[in-house]
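One structure below.
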Amino acid sequence: MLLGVWEASGALDTAGLRRNSPAQRRFQEVVGPFFWQSPIIHRCFTKPRGYAGDFLMMEDVYRNRPKGETSLGRWMDQWVLDQPGFVAVRNRRDKLATLLRDEWAGGARHVMNVASGSACELASVVETRPFRGITLLDQDQGALFAAVSALGPWVDPGCVRTWSGTVLSLVRARTSLVPGDQDFVYSIGLYDYLSQRFATALTARLWLHVAPGGLLVIGNFNGHNPMRRFIEAAMDWYLVYRDPPELLGLCAGLHDVKGAEVWTDPTGCLHLLVVRKRGVRPGLSVPPRPDSPA
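Per numbering that gives the first Met the number 0, residue 0 is the first one in the sequence shown, and the count goes up by one each step.
Structure, rendered in structure tokens:
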């Protein structure tokens with residue numbers, strides 16, 4: 000029956016399952032209560048913090064442990080945690096941790112995470128790679144508190160800057176952030192909700208904060224994610240999907256691009272756009288290795 004959720008989706012509108020459509024309402028009425036016995040699925044549907052992919056839900060995905068109160072609830076938790084889209088989220092975290100370690104080895108000491116959530120990938124790195132400056136931006140103050148708490152044992156509080164606000168303020172330069180002072184800027188859960196116009200504007204703004212020789216990394220799910228219809232139907236969770244050419248298009252107007260590439264996670268569900276800025280990183284006598292933008 001569960002496989003039928005995916006098989007039936009092929010007959011639906013290629014643009015996705017329309018919100019509040021008869022098909023969505025019928026799905027939620029008939030089988031919604033079955034799926035919602037999973038606390039993870041139910042949290043996505045009810046959105047207690049106002050949005051589906053909140054930092055507590057993402058931490059559940061990272062931990063990869065069922066938490067249902069009934070046997071069926073625990074089974075449903077594990078089932079959804081094993082689906083390609085959530086496996087891809089864990090793959091993305093691991094890839095980012097690798098990039099953070101690699102950039103630190105190349106001299107990066109200042110990192111900025113936009114729509115940071117609880118920054119689990121960063122917390123897993125700083126114990127052995129101490130960044131001198133960490134900037135975290137998120138509209139959810141609770142997420143920032145969780146991130147600072149996770150970093151706390153390993154990072155001097157004076158090295159951490161937090162900013163709670165919308166990305167609109169960032170795009171309009173209504174922050175105290177200094178251009179060109181970040182060795183590594185990344186945003187992995189935000190672009191899935193941005194129009195192309197806004198995503199392009201935000202990319203240009205983030206690029207201004209990347210130091211010479213630095214790296215910009217942007218994450219986005221693609222439209223071939225096999226969980227797409229399910230998260231729309233059972234979780235009322237809608238994303239803006241981008242394929243590699245669309246992601247590469249985000250950096251088409253940027254200046255001083257040394258190289259750009261798109262990494263695709265092993266499930267094929269999501270991508271990371273990886274863009275290297277031309278120049279020598281401050282404090283280094285030679286540019287980062289030339290073999291890859293990453």
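We put the beta carbon where it would ideally sit given N, CA and C, even for glycine.
It should be emphasised that the depicted structure is a prediction, and the values quoted were computed from it without experimental measurement.
Query	Result
So the beta strand (DSSP E) R108 belongs to, where does it begin and stop?	Note, R108: premise wrong, no beta strand (DSSP E); not H, not E.
Helix or strand or just coil, what does DSSP make of N112?	strand
With distances taken Cα to Cα, identify the nearest neighbour of D255 among G278, W103, L269.	G278
Taking 8 Å as the threshold, find out whether the region 254-271 comes into contact with the region 215-222 through three or more Cβ pairs.	yes
Straight-line CA distance for W5 to D242?	Bear in mind that a pLDDT of 46 at W5, under 50, signals an unreliable position, so the model cannot answer this.
Quick check: what's the CA-CA separation for R25 versus F33?	13 Å
In or out: V29 buried (at least 16 other Cβ within 10 Å) or exposed?	exposed
Put Y51 into one of helix, strand or coil per three-state DSSP.	Sequence check: residue 51 is Ala here, not Tyr. Coil, per DSSP.
Please report the straight-line C-alpha distance between G72 and L55, rounded to a whole angstrom.	18 Å
What's the C-alpha gap between F44 and K66?	16 Å
Go to P64, then tell me how far its alpha helix (DSSP H) extends in each direction, as first and last residue.	Contrary to the premise, residue 64 reads as Arg rather than Pro in this sequence. No alpha helix (DSSP H) holds R64; DSSP gives it neither H nor E.
Closest to R89 by CA distance: which of V60, V113, R100 is it?	V60
Starting from A227 and walking both ways along the alpha helix (DSSP H), at which residues does that stretch end?	Going by the sequence as given, residue 227 is Arg instead of Ala. First-last of the alpha helix (DSSP H) with R227: 227-234.
Please work out which residues of its chain come closer than 6 Å, Cβ to Cβ, to I230, disregarding the five sequence neighbours upstream and downstream, and give them in chain order.	W236
Could you check what DSSP says for V273 in three-state terms: helix, strand or coil?	strand
Tell me which residues share the same chain as W223 and place their Cβ nearer than 7 Å to its Cβ, disregarding the 5 neighbours each side in the sequence.	For clarity, residue 223 is His in the given sequence; the question names Trp instead. The answer, listed in chain order, is G267.
Taking its Cβ as the centre, do 16 or more other Cβ atoms sit within 10 Å of A172, making it buried, or is it exposed?	exposed
Which residue or residues does DSSP assign as beta-bridge partners of Y185?	N112, V216
Does the Cβ of E102 have 16 or more other Cβ atoms within 10 Å, making it buried, or fewer, making it exposed?	buried
When burial is assigned at 16 or more other CB atoms within 10 Å of the CB, is D93 buried or exposed?	exposed
With distances taken from CA atoms, which of L246, D139, D264, G151 is nearest R48?	D139
Please say whether D81 and S115 have beta carbons closer to each other than 7 Å?	no
Is it right to say Y50 is buried, meaning 16 or more other beta carbons lie within 10 angstroms of its own, or is it exposed?	exposed
Can you check which of these residues, G151, A198, R108, is closest to L167 by C-alpha distance?	A198
State yes or no: is the C-beta of P294 within less than 7 Å of the C-beta of L207?	The requested residue 294 does not occur in the structure, where the chain is confined to residues 0 to 293.
Report all residues from its chain with a CB closer than 8 Å to the CB of C119; omit the five preceding and five following residues, and keep chain order.	M57, E58, Y61, R92, A149
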